[in-house]
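Heads up: the protein sequence lines correspond to chains A and B, in order.
Residues in the first sequence are numbered from 844 upward in steps of one, following the numbering used here.
Residues in the second sequence are numbered from 1036 upward in steps of one, following the numbering used here.
Taking it in order: structure first as structure tokens, then the write-up.
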Amino acid sequence: MKYQPVIGLEVHVQLKTDTKIFCGCSTQFGAEPNSQTCPVCLGLPGALPVLNKKVVEFAIKAGLSTNCSITPRSIFARKNYFYPDLPKGYQISQFEDPICQRGWLDIPVEGQENKRIGITRIHMEEDAGKLVHGELSGPGDGSGVDLNRACTPLLEVVSEPDLRSSDEAVIYLKQLHQIVTWLGICDGNMEEGSFRCDANVSVMPVGSDTLGTRAEIKNVNSFKFVKQAIEYEIQRQIDLIEDGGTIVQETRLFDPNSGTTRSMRSKEEAHDYRYFPDPDLVPLVISNEWVERSRQKLPELPGQRQQRFIDDLGLPRYDAEVLTASRALADYFEAGVAAGGNAKAVGNWIMGEITRALNDRGTSIETCPVTPVQLAQLLKLIDTGTISGKIAKTVFDEMWQSGKAPQTIVEEQGLLQVSDISAIESIINDIMAANAGQVEEYRGGKEKVFGFFVGQVMKASKGKANPTVVNELLLNKLKG
Amino acid sequence: MNIFDMTIHELHAALKGKQISSREATVAMLDRIETIEPQVGSFITVTSEQALTAAKSADERIARGECHLLTGIPMAIKDIFLTEGIRTTCGSRILNNFIPPYSASSWEKLRDRGAVLLGKLNQDEFAMGSSNESSAFGITRNPWDTTCIPGGSSGGSAAAVAARQAIATLGTDTGGSIRQPASHCGCVGLKPTYGRVSRYGVIAYASSLDQVGPLTRDVADCAAMLEAIAGHDPRDSTSVNTAVPDYTATLKGGVKGLKIGLPKEYYIEGLDPDVQRAMDAAIETYRRLGAEFVDISLPHTDYAVATYYLIATAEASSNLARYDGVRFGHRAEADGLLDMYAKSRSEGFGTEVKRRIMLGTYALSSGYYDAYYVKAQKVRTLIMNDFIAAFADVDVLLTPVAPTPAFKIGEKINDPLQMYLSDIFTIPVNLAGTCAMSLPAGFSASGLPIGLQLIGKPFGEETVLRAGYAFEQATEWHLRKAAI
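Shown next, in the form of structure tokens:
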């Protein structure tokens, strides 16, 4: 029998606010354990949460960018369970009436037009702390609790079970990742857990309209692992059904070392979280004006920008996609075009030389030492024939090193392209005199030797000779 | 006149006039506490040293001419208020060793005005109780009759005022926990409107109902204390940002033409005859003072106690989850995490607290949530609407505080349902979120104090205090002192 996988994703997006969601402590990653805490995030008796407005603004941005409606009156709820990294014994989250509801993302799927993936809801919540095992400085080898991360703001983005393959899941996830980093509300760092994902996976016979029993897979923290975990889980469920077994509703943990999932807890062992509205927080009222203000301030989103690059700047789709991988990259590109660079050429340079240089140095476009304006200037020097494309690469390296303008470098190092016919003729004469044998070969019909002469002339001119002029003159001279 | 018999206003005059120093007053109170405490048990912790230090700096302030009404006044507060560096137990074994790193907003406000802290007062464990018998630190006795309970949960706060162990105290009121002990101990106790006083640094029992308020010898002191602790606190999202009126300035406005409602559901057959008589007399007094009476109805009163015991316990079950032995408080010797949770909490919490955690956990459980918690919230709205409708016609309501005077120690401790009914007239006010005050209105045949309750509109504390002051001026109940 053929099986149809059905997948929904729950993504936790850690928000890039300076302070925590319900207190004023810093959210900086990697500080001394428990150094970024206060009575509120330690869950001390008597402490009360106060909502960080920035978190609400970020949530609204995320909602509007994923086509959600913003709930006019949303409610915080307590999710009750015991765990040592959860200081209050409950997590402040949202249950009924989350801040964003009923949105969608359109993802490109091979062989069809965009596919619409529903977003059920986006809600705000606080993160828990983390446990540290066996590396305590104090006596004993017990476990410790670091509450620096406790109360860090998160958005949970819950999709509809609209995804049908691991590939679709990854495309959706990448698009969501791109949006939240593009908006500047999340640093997108999956290794540090700033963007993490749980996957709900089930299978059903192709053609069926009854969903199978699902397993929730936790701890899938890279795009690669998402694909791996989902594929493993799909096959596991199919094998189980084929062997006459039944899928049980359970939570499973992905093990990145083995690429497998294993059972964490069954439905019977599932927590009863006893959600109820948090009486310490008043309902969050968001006016239409607030929503509209946010909408006005929303940046052009990656999808919209891609389309504009295609429609207005004539870029191929592939280039437009690459150039909108991040907002900074797209901004760089547009600044280069605005400074007079030809769109296609600016794009090629960014995707070629600049990306290569950035990768070599392990840095990102935000800290690129060559400004977009300088790049445009460099391209102009090529266009006007002032320098050759080959020399331009040397100039680019020098720009990267010194930060100087391309014109200055060209002048200082005497890299101006030579188009002066008499100067090139004199070089050609010398070369032909020194290689009489090859001249004879060419004249005897071995036209391949032409390339040898071009190379020699360019070498002798240190690459500065205008290749077009060289070609023309050589051809005339060799033909005698 | 003994220093310990004074009101805030009397002692303030003496401090300001330099007849008495804060140090002298503080020493007098500490002596009094030492003498009386074995008979009453109002305190969990007496902070003699800190009190003398605070008195010294109060005296310095007074010498500099900075004498706020509360500067140098020796007070005590319920052990539910966090006090930086001073053990705070909430009457529970689970917080036996808890020394907070910060102080409650309401106490900070008193402290900043120069109030002197004598100590932390006994209470029902986690404010769950109506008799102060559920404290892990021993019972508190009623200063008027030490075989009787003082009421609860702010029993220590009321007993300390009645036994003249503190000039004034702070308590908290979730279902009557200020007003009922104030009534049983013959002092003035005010539960402000929800949101009027910050809850920051007050150990939570039921967050949507808890409110901080003063217990004092008379209404004028009560007004002064409220003025000091009221106001918006950015650290408490439920505290309301409306200006704090000058409660003292409007005290003497009288009650001529004031419309007082008498809710028929509060004058029931089971009402103790002494209490009924005290109410009748109070009504007469008000009539004489020019107030008008209107018979009204609060039709959903019958459901208040049940509603309260669902909402309060639901919130409590969650609020008390943080006492897990991980970061502070009692941690039992145990094998593994689950065992540590179970043992720490089993050993740390008393019977009544466990009962309410279980009730609340049940009410929030999947499959029961709608039938219990959600239903209770709906009834709460109906109860609120009862009050809104009543206040369309009247300015305040006059009711008894408790159906009976103080009962005997041990009388109801094994009968939770009977115990819960002690709060039948106070609980609806918390559910409605409005304000109410208990003030002395007579004595039973056996000499126990009886309080009357004035219920005001939301943020109507001015009217309640004004009406209370008028009654106090016309009567002498508040001047009687427990013979202890």
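Even for Gly, the Cβ is constructed at its ideal location relative to N, Cα and C.
For clarity, every value in this text was computed on a predicted model and none was experimentally measured.
{"query": "With 16 other Cβ atoms within 10 Å as the buried cut-off, status of A/Arg1117", "result": "buried"}
{"query": "Residue-level contact to chain B via CB, A/Phe1038, 8 angstroms cutoff", "result": "no"}
{"query": "The region 1164-1176 of chain B: positions lying closer than 8 angstroms to chain A by Cβ", "result": "none"}
{"query": "Outcome for A/Asn1202 when other beta-carbon atoms lying within 10 angstroms are tallied against a minimum of 16", "result": "exposed"}
{"query": "Chain B within 8 angstroms of A/Leu1124, Cβ atoms only", "result": "yes"}
{"query": "Cβ-based burial, B/Met1036 [other Cβ within 10 Å; buried from 16]", "result": "exposed"}
{"query": "Beta strand (DSSP E) segment containing B/Met1110, residue limits", "result": "Pro1109 to Lys1113"}
{"query": "Straight-line gap, B/Ser1092 to B/Gly1052 (C-alpha atoms, nearest Å)", "result": "17 angstroms"}
{"query": "Straight-line Cα distance separating A/Met1047 from A/Leu1054", "result": "6 angstroms"}
{"query": "9 angstroms Cβ cut-off: residues of chain A touching B/Thr1273", "result": "Leu891, Pro1122, Asp1123, Leu1124 and Val1125"}
{"query": "For A/Trp947, the residue or residues it bridges with in DSSP", "result": "A/Gly961"}
{"query": "First through last residue of the alpha helix (DSSP H) which encompasses A/Ser1009", "result": "Ser1009 to Trp1025"}
{"query": "Beta-carbon proximity of B/Ile1485 to B/Val1431, cut-off 8 angstroms", "result": "no"}
{"query": "Members of the region 916-936 of chain A near chain B, C-beta cut-off 8 angstroms", "result": "Arg921, Asn923, Phe925, Pro927, Pro930, Lys931, Gly932 and Tyr933"}
{"query": "Which residues DSSP lists as bridging B/Phe1078, in chain order", "result": "B/Leu1156"}
{"query": "Within chain B, partners of A/Gly886 - CB distance below 8 angstroms", "result": "Arg1357 and Arg1362"}
{"query": "Interface flag, B/Tyr1240 vs chain A, CB-CB below 8 angstroms", "result": "no"}
{"query": "Simplified DSSP state of B/Met1375, which is helix, strand or coil", "result": "helix"}
{"query": "Beta carbon proximity, B/Ser1188 to chain A, threshold 8 angstroms", "result": "no"}
{"query": "Residue-chain proximity (A/Phe1119, chain B), Cβ-Cβ < 8 angstroms", "result": "yes"}
{"query": "A/Asn991 versus A/Gly977, A/Ala971, A/Leu997 and A/Ser1009, residue with shortest Cα-Cα distance", "result": "A/Ala971"}
{"query": "Minimum C-alpha distance to A/Glu1035 - residue among A/Asn1062, A/Tyr926 and A/Gln944", "result": "A/Asn1062"}
{"query": "Close beta carbons around B/Leu1153, own chain, < 6 angstroms, minus the five adjacent residues each side", "result": "Met1064, Ala1086, Pro1109, Ala1111 and Ala1201"}
{"query": "Selection of the region 979-1009 of chain A by Cβ proximity to chain B, strictly under 7 angstroms", "result": "Val988"}
{"query": "Opening and closing residue of the beta strand (DSSP E) in which A/Tyr846 lies", "result": "Tyr846 to Gln857"}
{"query": "Nearest-angstrom Cβ-Cβ length linking B/Leu1487 and B/Val1436, presumed shorter than 8 angstroms", "result": "7 angstroms"}
{"query": "8 angstroms Cβ cutoff met for A/Gly886 and B/Ala1139", "result": "no"}
{"query": "Option in B/Gln1508, B/Glu1496 and B/Gly1503 with minimal Cα separation from B/Ala1265", "result": "B/Glu1496"}
{"query": "Simplified DSSP state of A/Gln955, which is helix, strand or coil", "result": "coil"}
{"query": "Candidates B/Lys1226, B/Ala1048 and B/Thr1042: closest to B/Arg1214 by CA position", "result": "B/Lys1226"}
{"query": "Cβ of B/Glu1350 within 8 angstroms of any chain A Cβ", "result": "yes"}
{"query": "Within-8 angstroms CB hit, A/Pro882 to chain B", "result": "yes"}
{"query": "Cβ pair A/Ala968, A/Ser917 closer than 8 angstroms", "result": "Before going on, a small fix: residue 968 of chain A reads as Glu here, not Ala. No, the pair does not count as a contact, with Cβ atoms beyond the cut-off."}
{"query": "Coil, strand or helix - B/Leu1333 by DSSP", "result": "coil"}
{"query": "Through-space distance from A/His1020 to A/Phe1038, alpha-carbon basis", "result": "8 angstroms"}
{"query": "Given A/Met1033 as reference, the closest of A/Ser1265, A/Pro848, A/Gln1256 and A/Val856 once Cα atoms are compared", "result": "A/Val856"}
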